[in-house]
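Each step along the sequence shown adds one to the number in my numbering, with nothing skipped, and position 80 is 80.
Glycine included, each C-beta is placed from N, C-alpha and C at the ideal position.
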Amino acid sequence: MATSFNRLRALVRRFRGRQIAVVGDLMLDRFIRGSVSRISPEAPVPVLEVNQPETQHPGGAGNVAANLAALTARAMIFGVVGKDAAGRALRQELSRRKIVARGVLDDPGRPTTEKIRVIAGHQHLVRFDREAAVPVSPEVERRLLGQLERALPRLDGVILSDYDKGVLTEAVLTRLLTLAARHEVPVFMDLKKARPLEGELRLLLVNQRRAEEVSGVAITTEKSLELVGRHLMARFRCQTLVITRGGAGMWVRDRDQAQRFEAVRAGRPWEVFDVTGAGDTVMATLTLALVSGAPSGDAARLANAAAGVVVGRLGTAVCSPQELLSALAVSRASKT
1 MATSFNRLRA LVRRFRGRQI AVVGDLMLDR FIRGSVSRIS PEAPVPVLEV NQPETQHPGG
61 AGNVAANLAA LTARAMIFGV VGKDAAGRAL RQELSRRKIV ARGVLDDPGR PTTEKIRVIA
121 GHQHLVRFDR EAAVPVSPEV ERRLLGQLER ALPRLDGVIL SDYDKGVLTE AVLTRLLTLA
181 ARHEVPVFMD LKKARPLEGE LRLLLVNQRR AEEVSGVAIT TEKSLELVGR HLMARFRCQT
241 LVITRGGAGM WVRDRDQAQR FEAVRAGRPW EVFDVTGAGD TVMATLTLAL VSGAPSGDAA
301 RLANAAAGVV VGRLGTAVCS PQELLSALAV SRASKT
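Written out as structure tokens, the structure is:
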């Protein structure tokens with residue numbers, strides 16, 4: 001067990017300086033927090049007394065990049081924001097986290113996507129979305145691909161972060177996969193929407209609900225899980241498939257074997273406050289582990305531990321190398 005932990009610790013140290021690009025849908029996550037002690041006399045709704053400063057964080061593709069940066073990688077982000085206050089705020093948040101944002105383009109024809117969450121204590125009351133989920137224009141596609149083509153020779157990997165807001169159009173995906181193959185840069189994708197892909201993925205990440213929707217098969221047994229896995233691997237031409245299963249951990253299939261990994265809790269089992277962005281943490285950790293030379297099993301162990309850290313926090317969160325190693329140590333101790 002000590003040998004395994006030492007191997008994973010050495011792997012985490014190799015994350016530093018890895019150059020990873022995240023391409024996809026940028027968002028600004030905003031959080032309004034307070035407490036509720038009464039119901040409004042105007043309507044049967046709670047009255048939130050705002051007693052904390054509003055906070056904001058990069059969301060969507062930005063949260064993947066923030067997780068990469070927190071894990072000591074050199075994160076680069078490629079996407080689109082509006083020429084508005086939210087876009088300026090998002091650029092500031094990216095800069096604060098030392099995320100390279102030269103590939104973030106202003107598009108005056110669309111607003112910056114915002115997700116505004118209202119929270120009382122640990123209770124998520126409501127979310128407001130401001131967005132225009134339409135494909136970017138051919139001119140924006142051309143500019144975005146130009147930025148990516150210049151960056152690709154320096155990259156260790158590319159993550160596609162698709163929230164179906166319009167950045168990852170068919171033209172962008174097709175050209176990007178062609179360019180990545182030409183430069184021998186591995187591509188990793190977090191599947192939110194089934195799209196035709198003309199190219200091979202190093203890894204496909206998908207949650208169980210989405211895997212069932214895309215395959216048309218309910219996962220109820222080990223046999224059905226294997227059936228879904230084989231379907232997705234063939235359809236999306238991925239070398240490795242990871243299906244996240246919430247409290248059941250994750251299922252990992254390479255072309256020659258399948259493995260299961262139990263969920264890791266960094267704290268007490270009841271300290272699961274919020275799963276906002278946990279998939280982004282998993283995506284960032286898997287990518288860094290694989291480009292650092294890890295086998296898929298070790299990559300999954302690290303990603304499980306990182307997810308256990310962020311679900312114990314409220315709102316968009318990231319995991320540092322120190323927190324990741326601490327979570328691994330807790331998991332190791334619980335099994336001895």
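- Message: Which of the three DSSP states is assigned to residue 310 in this structure?
- Response: Note: residue 310 maps to helix in three-state DSSP.
- Per DSSP, what kind of secondary structure is residue 247 in: helix, strand or coil? helix
- Beta-carbon separation (whole angstroms), residue 327 vs residue 250, contact threshold 8 Å: Actually they are not in contact, since the Cβ atoms of residue 327 and residue 250 sit about 15 Å apart, beyond 8 Å.
- Message: Can you check whether the C-beta of residue 219 is within less than 9 Å of a C-beta belonging to chain D?
- Response: Among the protein chains of the structure shown there is no chain D, as only one such chain exists.
- Starting from residue 195, follow the beta strand (DSSP E) in both directions and report where the run begins and ends. From DSSP, residue 195 is part of no beta strand (DSSP E); its letter is neither H nor E.
- Host beta strand (DSSP E) of residue 354 (start-end): Outside the displayed span of the chain (1 to 336) sits residue 354, for which this structure offers no information.
- Quick one, which of 68, 115 and 181 has its alpha-carbon nearest residue 30's? 115
- Query: Expressed to the nearest angstrom, what Euclidean distance is found between the alpha-carbon atoms of residue 136 and residue 105?
  - Reply: Cα-Cα distance, rounded: 11 Å.
- Task: Just the C-alpha distance for residue 274 and residue 41, rounded to the nearest angstrom, thanks.
- Result: Any reading at residue 274 must be qualified, since the residue scores a pLDDT of 47, below 50, and its modelled position is unreliable; the value itself is stated next. When rounded, the distance between both Cα atoms is 30 Å.
- Query: Should residue 13 go down as buried or exposed, given a rule of 16 or more other Cβ atoms within 10 Å for buried?
  - Reply: exposed
- Check whether the Cβ atoms of residue 77 and residue 62 sit closer than 9 Å, and answer yes or no. yes
- Message: Let's test the definition: count the other Cβ atoms within 10 Å of the Cβ of residue 134 and tell me whether it reaches 16, buried, or not, exposed.
- Response: exposed
- Query: Is residue 247 buried or exposed, if buried means 16 or more other CB atoms sit within 10 Å of its CB?
  - Reply: By the 16-neighbour rule on beta-carbons within 10 angstroms, residue 247 is exposed.
- Item | N- and C-terminal bounds of the alpha helix (DSSP H) containing residue 381 | Because the chain here runs from 1 to 336, residue 381 falls outside it and cannot be looked at.
- May I ask you to verify whether the stretch 72-87 touches the stretch 11-25, counting CB pairs closer than 8 Å and requiring at least 3? The count of Cβ pairs closer than 8 Å, one atom from the stretch 72-87 and one from the stretch 11-25, reaches three, so the stretches are in contact.
- Per-residue burial, residue 57 [other beta carbons within 10 Å of its own, 16 or more giving buried]: buried
- Message: If you reduce the DSSP assignment to three classes, tell me which class residue 207 lands in.
- Response: strand
- Item | Coil, strand or helix - residue 105 by DSSP | strand
- Stretch pair the stretch 200-211 + the stretch 228-241: three plus CB contacts closer than 8 Å: yes
- Task: Provide the residue(s) that pair with residue 56 in DSSP beta bridges, ordered along the chain.
- Result: 30
- Could you pull out every residue in the same chain whose Cβ sits closer than 7 Å to the Cβ of residue 262, ignoring the five residues on either side in sequence? 249
- Contact test: residue 15 Cβ vs the ligand ADP heavy atom, cutoff 8 Å: By its list of ligands, the structure shown contains no ligand whatsoever, and the ligand ADP lies outside what it can speak to.
- Task: Measure the alpha-carbon distance for residue 278 versus residue 130 and round it to whole angstroms.
- Result: 22 Å
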